[in-house]
Amino acid sequence: MATNLIDIVEATQLKDDVPSFDPGATVVVHLRVVEGDKERIQKYEGVVLQKRGSGSNQTFTVRKNSGGVGVERIFPMHSPRIAQIDVKRQGHVRRARLNYLRDRTGKSARLRERRTS
Numbered sequence: 000m001a002t003n004l005i006d007i008v009e010a011t012q013l014k015d016d017v018p019s020f021d022p023g024a025t026v027v028v029h030l031r032v033v034e035g036d037k038e039r040i041q042k043y044e045g046v047v048l049q050k051r052g053s054g055s056n057q058t059f060t061v062r063k064n065s066g067g068v069g070v071e072r073i074f075p076m077h078s079p080r081i082a083q084i085d086v087k088r089q090g091h092v093r094r095a096r097l098n099y100l101r102d103r104t105g106k107s108a109r110l111r112e113r114r115t116s
């Protein structure tokens with residue numbers, strides 16, 4: 000009974016407009032940033048290293064290169080701070096966790112694009 004109530008409450012918190020993407024995809028996350036009384040949209044573009052969790056606890060990690068330094072950020076999938084997620088390309092990978100990309104730079108850090116027919 001208690002788990003059914005929790006599932007009902009969690010279902011009201013889930014977003015409907017989340018696109019499907021897997022690790023290896025290049026995504027652009029549009030974030031709502033509040034500075035004082037102003038609000039603006041900031042874009043964060045990078046490669047998805049992993050997805051984890053389920054339901055309202057689902058998160059994904061995005062890695063980008065900023066000024067020659069690798070930056071990773073973990074986003075809650077159904078957060079109200081995320082305005083939009085755009086999938087630019089799907090990478091062809093054979094793993095669910097792409098931690099090996101942390102050690103790579105340049106051409107060796109590239110991923111092949113997944114073919115769609």
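Each step along the sequence shown adds one to the number in numbering that gives the first Met the number 0, with nothing skipped, and position 48 is 47.
From the three backbone atoms N, C-alpha and C, an ideal C-beta is built for every residue, glycine too.
Bear in mind that the values here come from a model prediction, so they are computed numbers and not experimental data.
- prompt: From Asp6, Arg72 and Ala24, pick the residue whose C-alpha is nearest to that of Arg111; which is it?
  reply: Start at 1 with the first residue of the sequence shown, and residue 111 comes out as number 112. Ranking Asp6, Arg72 and Ala24 by Cα distance to Arg111 puts Ala24 first.
message: Tell me the DSSP secondary structure of Gly54 in three-state form.
response: Taking the sequence shown and counting its residues from 1, one reaches residue 54 at position 55. In this structure, Gly54 counts as helix in the three-state DSSP scheme.
Start-to-end residues for the beta strand (DSSP E) that takes in Asn30: The residue given as residue 30 occupies position 31 in the sequence shown. Reading off the sequence, residue 30 comes out as Leu, not Asn. If you look at Leu30, you'll find it in the beta strand (DSSP E) that goes Thr25 to Glu34.
DSSP bridge partner residues for Lys14 (one or two, in chain order): Looking up residue 14 in the sequence shown gives position 15. As far as DSSP is concerned, Lys14 takes part in no beta bridge.
- prompt: If we call anything under 9 Å between Cβ atoms a contact, is Ile73 one with Thr60?
  reply: Working through the sequence shown from its first residue, we reach residue 73 at position 74. Working through the sequence shown from its first residue, we reach residue 60 at position 61. Contact flag set, yes.
- request: Flag this pair as touching only if the region 95-105 and the region 21-35 have three or more C-beta atom pairs under 8 Å; answer yes or no.
  value: Cβ pair count under 8 Å is three or more, so yes.
message: Helix, strand or coil, according to DSSP, for Asp21 in the structure here?
response: Position 22 of the sequence shown, counting from 1, holds the residue named residue 21. If DSSP states are grouped into helix, strand and coil, Asp21 belongs with coil.
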